[in-house]
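In what follows, a single structure is set out as structure tokens and then discussed.
Residue numbers (full-length UniProt numbering): 1 to 214.
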């Protein structure tokens, strides 16, 4: 009679592979830290950001190093600190700049809620004052005429801003460059498509003219 016997009474387990530490699964770090390389990467990121800001309102942004401070995208921080190793190859402006004006949260909310007529009134007033105060009066006149045309055809509506809010926004806008004034107020002005196209073309011509004069 055959006898039944158990020869293996334990489950045989294969040893599991030791889990690697998280740091071992990450890409290898750079072998050495290079200040120049980090500076180039930061400049490139800022340049992409500046171009995105311009395109939000349909304005093409090219190399700005030679443009007038009223129309360049962003000042070169390294040049302001003393020296910029990139020189003529830098993507940022080497002209003198006033401190960049930024709107606070309440001003941004008011800007988004203002009527087209309110936006155009502030834009015409502040851009006109800046044109008179700079040597760009002749160059800005065709652009101002387009905004005046749109304002004349924009019907009156109930204001969204109180008198004090309007003064506060106008004061903040007055501290911006011409370029930033247009970028800040153009979306709220609801400019007619054909006029928007004309403004874009005139700005391109103006930037080209300023670059040749630099």
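Using N, Cα and C, we set each Cβ at its ideal position, and we do this for glycine too.
Note that the structure is predicted; figures quoted are calculated from it, not measured.
Counting of Cβ neighbours within 10 angstroms places residue 205 among the exposed residues, the total staying below 16.
Within a 10 Å sphere around the beta-carbon of residue 96 sit fewer than 16 other beta-carbons, which makes this residue exposed. Close CB contacts of residue 190 within its chain, under the 6 Å cut and outside five residues either way in sequence, are with 116 (chain order).
Residue state for residue 178 is assigned as helix, using DSSP reduced to three classes.
In this model, residue 109 and residue 99 are separated by some 22 Å (Cα to Cα). Secondary structure at residue 159: coil, using DSSP grouped into helix, strand and coil. Distance from residue 142 to residue 202 at the Cβ level is roughly 5 Å; contact confirmed, criterion being Cβ atoms closer than 8 Å. In the three-state DSSP reduction, residue 116 falls in the helix class (H, G or I). Residue burial is scored here from C-beta neighbours: residue 102 has fewer than 16 other C-beta atoms within 10 angstroms and is therefore classed as exposed. For residue 68, the CB contacts under 6 Å within the same chain, skipping 5 residues up- and downstream, are 210 in chain order.
In the assembly as shown, residue 188 is a buried residue. Its beta-carbon has 16 or more other beta-carbons within 10 Å.
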